[in-house]
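Enquirer: Sharing a structure with you now.
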Amino acid sequence: MPYREQIDKSRIPAHVAIIMDGNGRWAKQRGQARSFGHQAGAETVHIIAEEAARLGVKYLTLYTFSTENWNRPQHEVNVLMHLFAKTFIDELPLLKRENVRVVFLGDISALPKKTRDVFERGLAECADHTGMTLALAVNYGARAEITRAVRQIALDAAAGKIDPA
Ligand code: IPE
Ligand code: MG
Numbered sequence: 329m330p331y332r333e334q335i336d337k338s339r340i341p342a343h344v345a346i347i348m349d350g351n352g353r354w355a356k357q358r359g360q361a362r363s364f365g366h367q368a369g370a371e372t373v374h375i376i377a378e379e380a381a382r383l384g385v386k387y388l389t390l391y392t393f394s395t396e397n398w399n400r401p402q403h404e405v406n407v408l409m410h411l412f413a414k415t416f417i418d419e420l421p422l423l424k425r426e427n428v429r430v431v432f433l434g435d436i437s438a439l440p441k442k443t444r445d446v447f448e449r450g451l452a453e454c455a456d457h458t459g460m461t462l463a464l465a466v467n468y469g470a471r472a473e474i475t476r477a478v479r480q481i482a483l484d485a486a487a488g489k490i491d492p493a
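In the numbering used here, the protein residues as written are 329 to 493.
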């Protein structure tokens with residue numbers, strides 16, 4: 329039986345989050361460069377996003393690039409940033425066809441200008457979409473999130489909006 333028919337449509341999870349990992353090892357096993365694995369990962373994302381949207385998943389979160397990932401060799405960071413921009417452009421037709429809402433988790437203002445521009449233009453083009461939410465975690469990090477939250481709390485306390493007690 330095809331896998332689609334085996335899926336119980338009454339039990340589709342509301343939120344699926346995927347930590348993308350193993351691209352480099354996958355490529356190495358095939359005697360290829362890490363970038364080959366990243367490209368294959370992007371192609372897998374296409375399949376997953378399309379199926380998730382069709383099955384009625386409400387939120388698909390993809391952990392794409394963490395704040396720690398900046399520590400990778402500069403060449404690999406460049407490859408990834410270029411791949412993010414290219415993939416986002418390539419996927420715009422899918423995002424439109426499936427009415428996918430896009431949000432970014434993390435600070436995209438720190439990305440190279442070209443990648444940031446592509447993301448911002450894409451966000452604008454998808455602004456009126458009402459279907460599945462695709463949350464792309466890019467330049468995100470648990471430490472960065474905690475720092476940002478605590479800083480906001482400290483500001484609110486200093487402004488007398490909240491009681492430190
Ligand atoms: C995930 O695969 C890709 C990103 C974090 C962008 P990895 O690059 O972590 O692959 P491995 O873990 O080294 O195999
Ligand atoms: Mg890894």
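A virtual CB, placed ideally from N, CA and C, is assigned to each residue, including glycine.
Ignore the nearest five residues each way along the sequence and tell me which others in G434's own chain have a CB closer than 7 Å to its CB.
Expert: The residue labelled residue 434 in the question sits at position 106 within the sequence shown. Answer for G434: A465, V466, N467 and Y468, listed in chain order.
Enquirer: Which same chain residues, not among the five before or five after A380, have their C-beta less than 7 Å away from its C-beta?
Expert: Locating residue 380 in the sequence shown gives position 52, counting from the first residue. Only V344, L388 and M460 meet the Cβ criterion.
Enquirer: Would you list the residues sitting across from I346 in a DSSP beta bridge?
Expert: As a working mapping, residue 346 is identified with position 18 in the sequence shown. In DSSP, I346 forms a bridge with L390.
Enquirer: For chain C, check one thing: does any of its Cβ atoms lie closer than 9 Å to the Cβ of I481?
Expert: In summary, chain C is missing from the structure at hand, where a single protein chain is found.
Enquirer: Quick one: grab the DSSP three-state call for A472.
Expert: Here residue 472 corresponds to residue number 144 of the sequence shown, with the count starting at 1. Correct three-state label for A472: helix.
Enquirer: Output needed for S394: all residues of its chain with C-beta closer than 7 Å, excluding positions within five of it in sequence on either side, in chain order.
Expert: Translated into positions along the sequence shown, residue 394 becomes position 66. These residues qualify, in order along the chain: Y468 and G469.
Enquirer: For the candidate residues G352, L383 and A370, whose alpha-carbon lies nearest to that of I335?
Expert: On the sequence shown, residue 335 is found 7 positions in, with the first residue counted as 1. I335 has its Cα closest to that of L383, out of G352, L383 and A370.
Enquirer: Quick one: using the 10 Å Cβ neighbour count with 16 as the cut-off for buried, is E419 buried or exposed?
Expert: Residue 419 sits at position 91 when you count from the first residue of the sequence shown. The residue in question, E419, is buried, as its Cβ has 16 or more Cβ neighbours within 10 Å.
Enquirer: If you count every other CB in all the chains shown that lies within 10 Å of the CB of H366, and 16 or more means buried, which is it?
Expert: Your numbering for residue 366 matches position 38 in the sequence shown. Buried is the call here.
Enquirer: Report the residue ranges of all beta strand (DSSP E) runs contained in full by the stretch 410-451; include only those spanning at least 3 residues, in chain order.
Expert: List check, beta strand (DSSP E) in window: 429-433.
Enquirer: If L390 sits next to M348, beta carbons under 8 Å apart, how far is it from one beta carbon to the other, in whole angstroms?
Expert: Position 62 of the sequence shown, counted from the first residue, corresponds to residue 390. Position 20 of the sequence shown, counted from the first residue, corresponds to residue 348. So it is a contact: roughly 6 Å between Cβ atoms.
Enquirer: Is any heavy atom in the ligand IPE found nearer than 8 Å to the beta carbon of F416?
Expert: Position 88 of the sequence shown, counted from the first residue, corresponds to residue 416. The closest heavy atom of the ligand IPE lies 8 Å or more from the beta carbon of F416.
Enquirer: For A377 and L462, which I take to be in contact (beta-carbon distance under 8 Å), what is that distance rounded to the nearest angstrom?
Expert: What you label residue 377 is simply residue 49 of the sequence shown in a count that begins at 1. What you label residue 462 is simply residue 134 of the sequence shown in a count that begins at 1. Their Cβ separation, rounded to whole angstroms, is 6 Å, which keeps A377 and L462 in contact under 8 Å.
Enquirer: Going by beta-carbon coordinates alone, are V430 and H403 separated by less than 9 Å?
Expert: In the sequence shown, residue 430 corresponds to position 102, counting from 1. In the sequence shown, residue 403 corresponds to position 75, counting from 1. Contact: no.
Enquirer: Using a threshold of 9 Å, state whether the C-beta atoms of F416 and V385 are closer than that.
Expert: Here residue 416 is taken as the residue at index 88 of the sequence shown, counted from 1. Here residue 385 is taken as the residue at index 57 of the sequence shown, counted from 1. No, they are not a contact pair.
Enquirer: Within a Cβ cutoff of 6 Å, which residues of the same chain sit near C454, ignoring the five residues on either side of it in sequence?
Expert: Counted from its first residue, the sequence shown places residue 454 at position 126. The residues are L423 and V430.
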